[in-house]
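Going by the UniProt record's numbering, 46 is the number at position 46 of the sequence shown; the sequence numbering is gapless. Built from N, CA and C at the ideal position, the CB exists for glycine as well.
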Amino acid sequence: MMSSPNYMIARLEEIPAVACPCGFARRAFGTSDNALATVHLTDITEDARVHYHKAMTEIYVILDGEGEMELDGERIPVAPLTSIFIKPGCRHRAIGRMRILNIPIPAFDPHDEWFD
């Protein structure tokens with residue numbers, strides 16, 4: 001990831017993937033001096049675990065694949081270019097195999113991932 005005082009650039013395909021409740025995520029812009037937002041390229045490889053965040057809002061953009069999003073117990077069909085705005089407290093998970101762009105706001109915090 002390249003950085004200067006006024007911008008950051010990430011090449012998502014070059015960031016190592018890490019395991020997450022949804023599959024594997026390539027997380028960009030998670031630096032100590034950035035609390036605003038991050039971007040994750042996430043490959044959902046199996047049905048994700050239902051989870052929620054107490055402080056974080058997430059925006060999902062489906063890039064590839066099809067399936068469903070479970071949002072507070074309701075299942076919504078999704079396909080490429082479907083976007084979902086997930087507010088704090090919304091229990092959610094992806095169902096199916098897909099690739100998504102996830103934009104956490106504020107920046108992703110692994111301590112703000114909760115499971116019932």
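Residue from the options with nearest C-alpha to residue i
i, options, result
"Ile15", "Ser83, Gly30, Asn6, Pro5", "Gly30"
"Arg99", "Tyr7, Phe24, Val18, Phe115", "Phe24"
"Ala35", "Ile76, Tyr52, Pro104, Gly96", "Pro104"
"Ala94", "Glu13, Cys20, Ile44", "Ile44"
"Arg91", "Arg26, Ala48, Gly67", "Ala48"
"Gly67", "Ala79, Gly73, Ile59, Pro110", "Ala79"
"Asp112", "His51, Asp72, Ala19", "His51"
"Pro106", "Asp33, Asp64, Ala19", "Asp33"
Alpha carbon of residue i to alpha carbon of residue j, nearest angstrom
i, j, result
"Ile62", "Phe85", "12 Å"
"residue 117", "Ala17", "Any question about residue 117 goes unanswered here, given that the chain covers just 1 to 116."
"Pro77", "Met69", "7 Å"
"Arg97", "Arg75", "15 Å"
"Arg26", "Glu46", "17 Å"
Sub-8 Å separation of residue i and residue j beta-carbons
i, j, result
"Leu41", "Leu81", "no"
"Ala28", "Val39", "yes"
"His53", "Pro21", "no"
Enclosing beta strand (DSSP E) for residue i [first to last residue]
i, result
"Phe85", "83–86"
"Leu63", "57–65"
"Ala94", "92–95"
"Asn102", "98–105"
"Gly23", "23–28"
"Glu74", "74–78"
"Thr42", "39–44"
"Ala19", "18–20"
Buried or exposed (CB count within 10 angstroms, at least 16 for buried), residue i
i, result
"Tyr7", "exposed"
"Phe108", "buried"
"Glu13", "exposed"
"Glu58", "buried"
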